[in-house]
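Undergrad: Take a look at the following structure, please.
Numbering (the UniProt record's numbering), first residue to last: 1 to 329.
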């Protein structure tokens with residue numbers, strides 16, 4: 001049984017817990033929140049007695065073996081380093097850090113303390129993403145990858161009313177690229193490796209973050225286009241185009257329906273069965289790695305996280321999105 005603590009009490013933490021509890025080796029044993037009332041309210045919902053309002057105290061406690069971190073992006077590195085220093089395994093939500101410098105510090109600390117550090121990227125572990133990889137050869141020479149993820153954020157209405165939600169505040173290392181564009185970055189690295197060049201543009205809001213944008217990655221004989229937005233919706237799927245056919249993916253972030261349309265018009269459904277509780281797969285990977293004494297995932301590797309962060313950081317530079325961490329380096 002792996003005893004977990006959680007940092008963050010938002011909807012994503014609840015979703016993680018509802019999925020992770022399907023693994024019999026998972027046990028939620030501690031909750032952190034900045035206020036005691038919120039920590040207790042959240043802990044009571046899950047029958048947990050250990051609550052903390054001090055991250056250091058939680059990290060030093062023997063009531064947890066590992067932590068799930070779903071704090072604002074800007075705090076990922078700070079909190080991860082505290083837990084890693086105290087030899088706790090860290091499962092950190094995407095994007096794992098604000099920049100490459102922070103990520104390298106986290107990886108170095110995990111190696112020093114011989115504990116597991118893994119970035120949460122749900123798509124990497126899904127059976128339907130494995131099906132995409134297994135069937136990619138069927139569409140022939142790959143010429144284009146198009147990742148499309150545009151979802152109007154409910155927080156954008158707050159922003160337009162003059163409020164300052166975290167989602168559109170650079171102090172929290174947020175914005176469209178970091179929050180949802182990243183879902184197009186990880187798969188392209190898994191499928192095609194590191195690009196030869198990066199070209200990014202976006203629409204910057206007055207707050208200083210990107211509301212929407214696109215990233216074009218060039219390879220020797222193909223290109224990859226990542227389209228993202230938090231200020232508009234898109235209902236178009238994602239697509240991988242090959243010379244013999246195209247693979248149509250309903251949601252690249254959490255693929256549920258995948259098919260190939262061959263150039264002669266024939267279609268092949270390559271969807272496979274997977275649980276509705278999609279975060280179960282990444283939670284199980286993390287738990288199994290701890291049980292086997294591993295300190296790095298063979299799927300969401302440090303190399304993948306580093307390459308993803310390089311793309312995010314360079315794209316932000318080209319768009320002119322600056323975070324406090326950029327100024328601190």
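Note that CB positions come from ideal geometry on N, CA and C, so glycine has one too.
Identify, in the order they occur along the chain, each residue of the same chain with its Cβ nearer than 6 Å to the Cβ of residue 145, setting aside the five sequence neighbours on each side.
TA: 188, 224, 240
Undergrad: In its own chain, which residues sit with a C-beta less than 7 Å from the C-beta of residue 172, not counting the 5 before and 5 after it?
TA: Within its own chain, the residues whose Cβ lies closer than 7 Å to the Cβ of residue 172, once the five positions on either side in sequence are excluded, are 72, 73, 74, 166, listed in chain order.
Undergrad: In chain order, what residues of the same chain have a beta carbon less than 7 Å from the beta carbon of residue 82, not counting five sequence neighbours either side?
TA: 55, 56, 59
Undergrad: Taking C-beta to C-beta, are residue 68 and residue 6 nearer than 8 Å?
TA: yes
Undergrad: Measure the CB-CB distance between residue 287 and residue 114 and report whether it falls below 8 Å.
TA: Taking 8 Å as the Cβ cut-off, residue 287 and residue 114 do not qualify as a contacting pair.
Undergrad: State yes or no: is the C-beta of residue 80 within less than 8 Å of the C-beta of residue 92?
TA: yes
Undergrad: Determine the direct distance from the alpha carbon of residue 137 to that of residue 264, and round the result to whole angstroms.
TA: 17 Å
Undergrad: Are there 16 or more other CB atoms within 10 angstroms of the CB of residue 203, so buried, or fewer, so exposed?
TA: Counting Cβ neighbours within 10 Å, residue 203 comes out exposed, since fewer than 16 surround it.
Undergrad: Quick check on residue 6: does DSSP put it in helix, strand or coil?
TA: strand
Undergrad: On the DSSP letters alone, give me the boundaries of the alpha helix (DSSP H) that residue 320 sits inside.
TA: It is not in any alpha helix (DSSP H) - residue 320 carries neither H nor E in the DSSP assignment.
Undergrad: Taking residue 215 as part of the beta strand (DSSP E), name the residues at either end of that continuous run.
TA: 210 to 218
Undergrad: Measuring alpha carbon to alpha carbon, tell me which of 328, 197, 283 ends up nearest residue 116.
TA: Closest by alpha carbon: 283.
Undergrad: Cβ of residue 27 within 8 Å of Cβ of residue 49?
TA: It is not a contact, given that the beta carbons lie outside the stated cut-off.
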